[in-house]
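Asks: Could you have a look at this structure, given as C-alpha cells, before my questions?
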Amino acid sequence: MLNAERSYLSEVPVSGPLQMYVYVHDAILRGVAGYEDRAKCLDRDDAVAVAKFAAELGWFHEMVKAHEKAEEAVLFPALNERFAFVAETYAYDHDDFEPHVFAGLEEALAALQRARGRGDRSEMGDLLYRQSVALHEHMRLHVSKENELLLPKLEAEFDLDEQVQIAAAMGGRFEPAMMGALISWMYDGQVEQDREGMIRFLMRVLPPPDFAKLAQLLAAKDTAAWAQIRRRVPEMQISTT
Ligand SMILES: [Fe+2]
Ligand SMILES: [Fe+2]
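Note that the sequence shown covers residues -5 to 235 in this note's numbering.
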C-alpha cells in the first residue's frame, strides 16, 4: 500500500541522468495514494470539494499522459531498437489505463456531480472510491515494474551518453511552462531530502538562466521551505528575492 506522505526514491537508487524520470514516478506514486485517501474521505454532499477533486485529478491525468507519451516517443523506441518484446508490456499498460482506469474514475466523478439527492451521491461517492483504489493499484504495479525492472535494464544496457540523450529527449517534450508546473507539483509533495536531491540534480543539468527562473518559482511558493533548501544546498549562488 502506497502512502501519499512518503518518498519512494530510496527504493530506486538512481544517481545518473535518468534521475528525473524517477522523481516523476515518485510523484505519481504519491499522487495515486493521495487520490485514494481523498476519495475515501470526500464529502459527497460538498459540491465545491468534489469540483476541486475533479479539477486536481484532471490535472494529474494530463501529467500522467504527458509522461506516458514521452516514454512512448523516446524510451520505448530506444528499447525496441535493441530488444524485442520489452517495451510492449509497458505500452500495453498505458493503453489499458485510459479505458479501464481513468475513464472509470471520470465517469464516477461526473455521475457524482450529476447526482441529485443524498442517496445517489453516497452511491456515486462509493463508486468513485472504488475507482480510485483501481487507479492506485494499476499505477502502483505499472510504475513499480518500470522502477524495478525497466530502469535497471536501461542503466545496464545504455551507456551514460545514451542515458543523457534519452533523459534530454524526454524532458524536451515538455513546454517550459508545463515543465515548470510539473517540477512545482513534484516539489510540493516531496520530503525535504528529495527536494534537496531534485534541486541539486536540476542545478547540474539545467542551463543557469533556466535554473534561476525555476528557483524563483519554487522560492515564491513557500519562503520557509525554500530557506531550508538554501541551507541544504549552500553552493546554490542565485538570488531569489
Ligand atoms: Fe509507463
Ligand atoms: Fe513511467
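Where a beta carbon is used, it is the ideal one built from N, C-alpha and C, also for glycine.
#1: Is any heavy atom in ligand 2 found nearer than 8 Å to the beta carbon of Val95?
#2: So what's Val68 in DSSP terms, helix, strand or just coil?
#3: Go through the stretch 37 to 83 residue by residue and report every complete run of the alpha helix (DSSP H) that reaches 4 residues or more, in order.
#4: Taking the straight line between their C-alpha atoms, what separation do you get for Arg124 and Lys207?
#5: Report all residues from its chain with a CB closer than 7 Å to the CB of Asp37; omit the five preceding and five following residues, and keep chain order.
#6: Using a Cβ distance threshold of 8 Å, determine whether the stretch 7 to 27 contacts the stretch 166 to 183, with at least three qualifying pairs required.
#7: Say yes only if the C-beta of Val80 is nearer than 8 Å to one or more non-hydrogen atoms of ligand 2, and no if none qualify.
#8: Ligand 1 heavy atoms versus the CB of Glu151: any closer than 8 Å?
#9: Just how far apart, CA to CA, sit Ala150 and Glu156?
#10: With DSSP as the reference, label Ile232 as helix, strand or coil.
#11: By the DSSP assignment, the alpha helix (DSSP H) with Arg225 in it spans what residues?
#12: With a CB to CB cut of under 7 Å and the five nearest residues on each side skipped, what residues in its chain are close to Val227?
Replies: With the structure as the only source:
#1: The residue given as residue 95 occupies position 101 in the sequence shown. Not under cutoff, so the answer is no.
#2: As a first step, residue 68 is located in the sequence shown; it is residue number 74 there, counting from the start. Looking at Val68 - three-state DSSP - the assignment turns out to be helix.
#3: 41 to 64, 70 to 76
#4: Taking the first residue of the sequence shown as 1, we reach residue 124 at position 130. Taking the first residue of the sequence shown as 1, we reach residue 207 at position 213. About 41 Å.
#5: To locate residue 37, count along the sequence shown from 1; it is residue 43. Ala43.
#6: yes
#7: Stepping through the sequence shown from its first residue, residue 80 is reached at position 86. No, the Cβ of Val80 stays beyond 8 Å of every heavy atom of ligand 2.
#8: Residue mapping note: residue 151 aligns to position 157 of the sequence shown, counting from 1. No; taking the cut-off as 8 Å, the Cβ of Glu151 has no heavy atom of ligand 1 nearer than that.
#9: Position 156 of the sequence shown, counted from the start, is the residue given in the question as residue 150. Position 162 of the sequence shown, counted from the start, is the residue given in the question as residue 156. Whole-angstrom Cα-Cα distance: 11 Å.
#10: Your numbering for residue 232 matches position 238 in the sequence shown. Residue state, collapsed to three classes: coil.
#11: For the purposes of this step, residue 225 is identified with residue 231 of the sequence shown, where counting begins at 1. Counting along the chain, the alpha helix (DSSP H) containing Arg225 begins and ends at 217 to 226.
#12: Working through the sequence shown from its first residue, we reach residue 227 at position 233. Closer than 7 Å at Cβ, skipping near neighbours: Glu190, Ile193, Arg194.
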